[in-house]
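Asks: Pasting a structure below so you can have a look.
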Amino acid sequence: MALELSYQDRGSIIHRLDPRVKLLWWLSINITLTTWNDPLFLFLLLASVFAYGRIARIPVWQGVRQLLPILPFVIFVLLANIAFWRPAHPETAHFIGYVIPRGTPVLPPVPLYWETVVFSIGTMLRLLVLVESTLVLIKTVSPAEMALAVARMGVPPEIGMALSMTIAYIPVVVAQLVSVMEAQQSRAWKVKTSNPIARFRAYTTIAIPTFFRSFQAAEAMAAAMLSRGFGYDIDHRTELKPTRFSGQDWALTALFAAFLVGGFLLGFFGIVQYTLTMRLLGFR
Amino acid sequence: MPVEEQACALAYEGFGFTYEQGESEVVRDLSLQLSQGRVVLITGPSGAGKTTICRAANGLIPHEFKGTMRGRITVAGRYDSRRYSVSALSKLVGLLQQDPDTQLFNPTVEDEIAFGACNYGLPAETIRQRLEQLLELTRLSEHRRKNPHQLSGGQQQACALAAILAFDPQTLILDEPTSNIDPLGSQEVLRLVARLAREEGRATLLIEHKLDEMVHLVDEMLVMDRGQVLHRGSVREVLEHVEYIDSVGLSVPQVTLLAARLRSAGWPLPRLPLDVTEAVTLLEPFIERASLASLPVPAPSCGLDAGPHSAGGVGAETIIEVSGLSHVYRDGTPALRDLDLQIRRGEFVAILGQNGSGKTTLVKHFNGLLKPTSGTVRVAGLDTARASINEMATTVGFIFQNPDTQICKLKVYDELAFGLRNLGLPEKQVRERVQQAAEDLEIVHLLDKNPFLLSMGEKQRIAVAAVLAMQPSVLVLDEPTTGQDYRRAKEIMDLAVRLHAAGQTVVVITHDMNLAAEYCQRVVVMANGHVLLDAPTRQAFQARETLQASSLRAPQVTQLGQQLGAPWAWLTVNEALAALCTVRKGAGDGA
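Residue numbers (my numbering), protein chains in the order written: chain P, 20 to 303; chain E, 4 to 594.
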C-alpha cells in the first residue's frame, strides 16, 4: 500500500522522459482544470490521465483503488455544491424540485436545478483529476528527479530538495498509518459505520498516534538527510544521470504546451463550460 | 591529510548535554578519543545517554537537537562541532541511526546509496565505482532497483550502512546497527564494520547491546548508565565486572557470566572466557565427562519441557489451528506457503526465524489483520477470515513492538477503556476492567496522566494493560525485545510469564534466542514461509543445523553444553551452573 504511493521505476516511455516534461504534463492538466467545469470534458480529461498512467504501466485498478479513500471527501464536495451552488440566472434555469422544501422550520428552502447537478458533477471530476494526476506524477518522477527539475526551472535548489523529500515522506506516513490502523483494529476499532459523525470520530482516533509517529519519523528523517550531506553544497551536487532533452521530450513538450494554451483558452472563453453538457442533454 | 587528523578522528572533551525540555544532563563529563583504525564500543541500558553521544558526533547536537551542551567535540583534530554545520561535519563523521526505516527516503537502493556521495559532489565515476563495490559488499546487487522499503530489516540496515560508506567518512558512528537483524545477520554486519575499520583505517564508534558478537571485534569498551561511564577498558578488562554489568540490566556473554559465577563458587579459573571456544578450553579440565553424559534432565521449571503435546497441561484443547495457510501479498510476494500449526491453550510459544521468514505475517492471521490467500486459521473455534472485529479483539490480544503505534488517547484511563468502549461494554464494567488491568500492570498512579508524556517503559505497560483489559484468550507479542535493552526486554517477558501463569496462551515473536530459551516452552522455527522446526525448547536448541539454516544460533550456554558433551540442552546460565557444579571433578567427594 505505502509503496504503491511512491515512485515506481517501471521502465516505461513516461519514466524515461525528462522530469520537466512530466511536470509540464501535470501543470497543463491542472491549470486547464481551473478554467473548465464541463463534466463531459472533465471526464475525458480524467480518462486521459488514466491513459497516461497506463502508458507508464500503472494498472488502472491501482489508480481507481487509490481514489477510494478520498471518496467521502469527494461526495461531501458534491453535496456541498448541490446545496449551495445556484445558476447565475435561476429564472431561466431548469428547476427539478426542492432539496429542502419551503416551509421547513429553521432551514431555508434549497432549490435544485439541472444546472446545479451538472456543475456539481464537474466540480467532483475536477477534484478526481487533480488527485489522480498528482498520484501519477508521484509514481513517475523520482523525488531526486523532481528536485533537479524544479532547480532547472529556476526554483531555489533548497525548495526543490524540500519538495522532493516531502514526496519521499508520503510512503513513510502511509506505512505509519497502516500500522496504527492495525493496532487500533486489534482493539475492536471500527471505521466502517454509516454514521458520518461516528466515522469522523473514528478517524480522529488514528490521527493522534499517526501524527505522533510521523512527527518522530520526520525528525529522524531530517537528521538522516543532514547526516548525509543534504544542503552541503547544492549547486555542486553530482548528477549521476544528467538528463538531456531528447527529440521525444521536445515533441511532448510541444504537445503539452499546446494543450495547456488551447485548454486554458477554451475554458477562459467559456467554451468548455457546463452549459455544453446541458445542451447535449437537450436543455436549451 | 594533516597529522592531527590522522591521530584523532573524533574527540569528546568533558562533554555533557541537557535537552531543552530535560531537567538534568543525559550525558555527564564524557571524555573519549577515537583514533583511526580503532573500534570503540559503548553499551548501556536505555537512558544511558548513548544516542546523545552519537548525535553529538556530527553536530546534530547542538545544531538540530536543542539544549545546553558542555565541553567540546572536535572532529578530525580541528573542527569544533559548535562552529560547523551538520552536513559539513557529516562528510568526516558518518552517522547511522537506530531505525533504518526512517533513514531510507530514495526511490531505489542505488539512489539511496549514492545520495550522500552526490550531495558531497564526489566525481560521478568515483560514486559509480563505490556503488558497485558497496552493492557487492552488502549483497544488495540483485535488489539495486528495488525501493528500499521493500527490503527486509537486515537488508535495510545494510543499505543504510552502505549509504554512509559511499561518501567515505573517516569516522563511523553506528547506533545499534543490528537491532532489527537475526543473529547470523547481525554477526555478518558487525564483522563487516570491524573489517572496514581495520582495512580502511576508519575510526568506529559502535553502540550495541549484543555483546556476544562484539567481544573480538572492538579495541575499547565503555559501559554507561544514566549518562556516566561505569567501566572502560579492553573488553576483557571490562568483562571482569560481568556480574555487576549483568546486575544493571545489560546483556552480557552468557559464558563469561557463567564463568564469573563459577569463580564465585570457588572454581579456580585463571580468567573469564569471552566466547564458547574459550569457555570449553577453560572448563574442560574441571569436569567429569562421564558424569556429565549421565546427568538427568532437570525438572521442568517455568513450564519448560512442556512440549506441544503436553503443553498447557496434558490434553489441553487446541486454541489456534492453522491448516494449509498460504499468504501472498498484493504485490505478488509469497509470504507463507501451505503452513500447518497447532497451539494448545496455555502454551508459551516462541516463533523464531530470520528476517523475512514470515513470522509477523503468520501472527497477523491470528487476529484477522491479514486474511489467508488459501487455507484456514481458527482461533478458539472462530474462523479468523469470517469473524467480526469484536470477536477477534476479545479472542486475541496483539501487543505491537512500538507502544506509540497503539496509544491514541490523551489520558491513560481513556486509553485502557478504548477497546472496551469499542466493544460497547457498559461504563460500569469498563471502569472495573480498567481498574483491574491497571492494578495488574501497576499503573494505577498513572491513570490520570497523559500517556504521551510518560517514559517508554511506562508506555509499554499501558499498551499491555489496554490489551489485557479486553481479557483475550491469546496474547501475541510482536518482537517485544527489539530496540529494548535487556532489562526492559526481561521486564516484558516477566510480565508475559505472569500472564501465562494465570492461564493465558502466549505467542512471542523474537530474534532473541536467550530470552526464547529462558521463557518459552516450545519453539517454532520458520524459514521461507513455512515451519522448519516445531519442538519443545530444549529439543529445538539441540538442532544446531536446523537453526543455522534459519540464520539462528542457540544460546551460548547451550553451545557450551553441546561441546562439553551434555546430553541435553542447557537453556540458561543457572541451568548450566547447576549442571557444571554437579559434574565438577571431585564434586562427589565433597571437594
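Every residue gets a Cβ at the ideal spot worked out from N, C-alpha and C, and that includes glycine. Nothing here was measured: the structure is a model prediction, and the numbers come from that model.
1. Roughly how far, in whole angstroms, is the beta-carbon of residue 97(E) from the beta-carbon of residue 256(P), given that I think they are within contact range, below 8 Å?
2. Please confirm if residue 18(E) has its CB atom under 8 Å from at least one CB of chain P.
3. For chain E, find out if any of its Cβ atoms is closer than 8 Å to the Cβ of residue 265(P); answer yes or no.
4. Express the C-alpha separation of residue 79(E) and residue 136(E) in angstroms, rounding to a whole number.
5. Just by C-beta distance, which residues in the region 200-234 of chain P are closer than 8 Å to chain E?
6. For residue 399(E), which beta-bridge partners are listed by DSSP?
7. Thinking C-alpha only, which one of 228(E), 178(E), 212(E) is nearest residue 239(P)?
8. What residues from chain P crowd round residue 493(E), counting only those whose CB sits closer than 7 Å?
9. I'd like to check one pair, residue 326(E) with residue 361(E): are the Cβ atoms closer than 8 Å?
10. What does the Cβ neighbour count give for residue 314(E), buried or exposed, with the cut at 16 atoms within 10 Å?
11. What are the boundary residues of the beta strand (DSSP E) that includes residue 538(E)?
12. Classify residue 287(P) as buried or exposed, calling it buried when 16 or more other Cβ atoms lie within 10 Å of its own Cβ.
13. Determine, using beta-carbon pairs with one atom in the region 512-521 of chain E and one in the region 341-349 of chain E, whether at least three such pairs fall under 8 Å.
14. Terminal residues of the continuous beta strand (DSSP E) containing residue 149(P)?
15. Residue 243(P) touches chain E at which residues, Cβ-Cβ below 7 Å?
16. May I ask you to verify whether the region 14-30 of chain E touches the region 53-68 of chain E, counting CB pairs closer than 8 Å and requiring at least 3?
17. What are the start and end residues of the beta strand (DSSP E) that includes residue 75(E)?
18. If I follow the unbroken beta strand (DSSP E) through residue 97(E), where does it start and stop?
19. I think residue 279(E) touches residue 559(E), with their Cβ atoms under 8 Å apart; what is that distance to the nearest whole Å?
20. Among 165(E), 352(E), 444(E), 223(E), which one has its Cα closest to the Cα of residue 100(E)?
21. If you measure from the beta carbon of residue 171(E) to each beta carbon in chain P, is any gap under 8 Å?
22. May I ask you to list, following chain order, the residues of the region 453-484 of chain E that have a beta carbon less than 8 Å from some beta carbon of chain A?
23. Let me see if you follow: with CB-CB separation under 8 Å, is residue 255(P) close to chain E or not?
24. Assuming residue 554(E) and residue 188(E) form a contact by the criterion Cβ under 8 Å, report the distance between their Cβ atoms to the nearest whole angstrom.
25. Starting from the C-beta of residue 115(E), find all residues in its chain whose C-beta is less than 7 Å away, skip the five residues before and the five after it, and write them out in chain order.
26. In three-state terms, what does DSSP make of residue 231(E)?
27. Would residue 70(P) be called buried (16 or more neighbouring beta carbons within 10 Å of its own) or exposed?
28. Check whether the region 265-285 of chain P and the region 138-152 of chain E are in contact - that is, three or more C-beta pairs closer than 8 Å.
29. Express the C-alpha separation of residue 243(P) and residue 191(P) in angstroms, rounding to a whole number.
30. Would residue 127(P) be called buried (16 or more neighbouring beta carbons within 10 Å of its own) or exposed?
31. How would you list, in chain order, the residues of chain P whose beta-carbon sits under 7 Å from the beta-carbon of residue 422(E)?
32. Please tell me whether residue 52(P) and residue 275(P) are closer than 8 Å, where the distance is taken between their beta carbons.
33. Determine the DSSP secondary structure at residue 223(E), reduced to helix, strand or coil.
34. Can you pull the chain P neighbours of residue 123(E), defined as C-beta to C-beta under 7 Å?
35. Specify whether the region 60-80 of chain P and the region 192-199 of chain P touch according to this definition: at least 3 beta carbon pairs, one from each stretch, less than 8 Å apart.
36. Compile a chain-ordered list of the residues in the region 371-401 of chain E whose CB is closer than 7 Å to at least one CB of chain P.
Replies: This is what the structure holds:
1. Contact doesn't hold; Cβ gap of about 18 Å is too wide.
2. no
3. no
4. 26 Å
5. 201, 202, 203, 204, 205, 206, 207, 208, 209, 224, 225, 227, 228, 231, 232
6. 477(E)
7. 178(E)
8. Residues of chain P passing the Cβ test: none, with the nearest at roughly 24 Å.
9. no
10. In this prediction, residue 314(E) scores a pLDDT of 44, lower than 50, which makes its location untrustworthy; the coordinate-derived value is nonetheless stated afterwards. The residue is buried, with at least 16 neighbouring Cβ atoms inside 10 Å.
11. 533-539
12. exposed
13. no
14. Looking at the DSSP string, residue 149(P) is not in any beta strand (DSSP E); the run it does join, the alpha helix (DSSP H), is 133-159.
15. 100, 105, 106
16. yes
17. 70-78
18. 96-99
19. 6 Å
20. 165(E)
21. no
22. As a matter of chain content, chain A is missing from the structure shown, whose protein chains are P and E.
23. yes
24. 6 Å
25. 107, 109, 151, 162, 166
26. strand
27. exposed
28. no
29. 14 Å
30. exposed
31. 206, 207
32. no
33. strand
34. 248, 251
35. no
36. 372, 392, 393, 396, 401
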